[in-house]
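In our numbering, the protein residues as written are 61 to 334.
See the structure below:
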């Protein structure tokens, strides 16, 4: 029997991409128990999109938002997990389009004391105008304009070859991860001190590994397609790399400023958009 699962989708000011992401969630062969949009300060268009689409889902859709004060993805994800009601969390970014078996595939490899590190294929930027115009959410390994094509290959009966456990946090990306909420809470979630782009997901994964939670790599399942976009500012990357190295070298299991240091946040529309 599968655990209850919350799908958390992080987003910031790209409602066109979020629209495709949410439409791909509608097509899931196995629906999560709830969907939580973790919104790092988007303007009102994102709120309106979620309001419009919410009624088309068979499960609750929550919108957790805070004021735009720069890149604070770690903080908004902690807030989203804080309001999640499920045992298990599947986390993606709002600029990916999911294969219809994405949630089903993640739940097929659930195991205690593990977290999942998935991968993603990329949709080339020159295809985006037509994709947005057509509101296209169906892609496959064979489509033109797909980069990292191997990551678009879904062969479930062969996935066991790559589904291996390791005590390693390297190359974990928050666009395609899954974990038990209790494990996340035990290490105090994401570090709120990591503001700006880079390595907040690897740093969290390092503390999970340090706490005895193993990484399970996943290939040939849980397929997603990333909508290529301009790279965010990386001016904080060196600082974040230092924090990651410290976590690894000192075997840190719990951050000082994370999940437990925030309070539950009201969900939009209770929040006033500015």
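Where is the CB? At the ideal position from N, CA and C, for every residue including glycine.
Note that this is a predicted model, so its numbers are computed, not measured.
So, are the CB atoms of residue 81 and residue 159 less than 8 angstroms apart?
What you label residue 81 is simply residue 21 of the chain shown in a count that begins at 1. What you label residue 159 is simply residue 99 of the chain shown in a count that begins at 1. No, the Cβ-Cβ distance between residue 81 and residue 159 is not below 8 angstroms.
Using the Cα positions of residue 336 and residue 236, report the straight-line distance between them to the nearest angstrom.
Lying outside 61 to 334, the shown extent of the chain, residue 336 is not represented and no answer is given.
Does the beta-carbon of residue 220 have 16 or more other beta-carbons within 10 angstroms, so that it is buried, or is it exposed?
Taking the first residue of the chain shown as position 1, residue 220 is located at position 160. The residue in question, residue 220, is exposed, as its Cβ has fewer than 16 Cβ neighbours within 10 Å.
Looking only at C-alpha atoms, which of 98, 111, 88, 185 sits nearest to residue 166?
Here residue 166 refers to the residue found at position 106 when the chain shown is read from its first residue. Residue 88 is the option with its Cα nearest to residue 166.
Helix, strand or coil at residue 285 according to DSSP, with G and I counted as helix:
In the chain shown, the residue the question calls residue 285 occupies position 225. Strand.
With 16 other Cβ atoms within 10 Å as the buried cut-off, status of residue 323
In the chain shown, the residue the question calls residue 323 occupies position 263. Result: exposed.
So what's residue 330 in DSSP terms, helix, strand or just coil?
Within the chain shown, the letter at position 270 stands for residue 330. For residue 330, the predicted structure reports a pLDDT of 43, less than 50, and the residue's modelled location is therefore unreliable. A value from the coordinates is still provided. The answer is coil: DSSP assigns residue 330 none of H, G, I, E or B.
Closest to residue 245 by CA distance: which of 94, 315, 119 is it?
Counting from one through the chain shown, the residue named residue 245 turns up at place 185. For residue 245, the nearest C-alpha among the options comes from 315.
Within 10 Å of its beta-carbon, does residue 200 have 16 or more other beta-carbons around it, so buried, or fewer, so exposed?
The residue labelled residue 200 in the question sits at position 140 within the chain shown. The residue in question, residue 200, is exposed, as its Cβ has fewer than 16 Cβ neighbours within 10 Å.
Report yes or no: do three or more beta-carbon pairs, one from the region 271 to 281 and one from the region 163 to 181, lie closer than 8 angstroms?
yes
DSSP state of residue 274, grouped into three classes?
One-based indexing of the chain shown puts residue 274 at position 214. Residue state, collapsed to three classes: strand.
In three-state DSSP terms, what is residue 172?
For this step, residue 172 is matched to residue 112 along the chain shown. Residue state, collapsed to three classes: coil.
How many angstroms separate the CA atom of residue 117 from the CA atom of residue 72?
Numbered from its first residue, the chain shown carries residue 117 at position 57. Numbered from its first residue, the chain shown carries residue 72 at position 12. The straight-line gap from Cα to Cα measures roughly 21 angstroms.
If I'm right that residue 91 touches residue 121 with Cβ under 8 angstroms, what's the distance once you round it to whole angstroms?
Numbered from 1 along the chain shown, position 31 holds the residue referred to as residue 91. Numbered from 1 along the chain shown, position 61 holds the residue referred to as residue 121. No, residue 91 and residue 121 are not in contact; Cβ-Cβ is about 11 angstroms, not under 8 angstroms.
On the premise that residue 69 lies in contact with residue 141, defined as a C-beta separation below 8 angstroms, what is that separation, rounded to the nearest angstrom?
Within the chain shown, numbered from 1, the residue matching residue 141 stands at position 81. Within the chain shown, numbered from 1, the residue matching residue 69 stands at position 9. With a Cβ gap of about 13 angstroms, residue 141 and residue 69 do not count as contacting.
Enclosing beta strand (DSSP E) for residue 182 [first to last residue]:
Taking the first residue of the chain shown as position 1, residue 182 is located at position 122. Start and end: 181 to 183.
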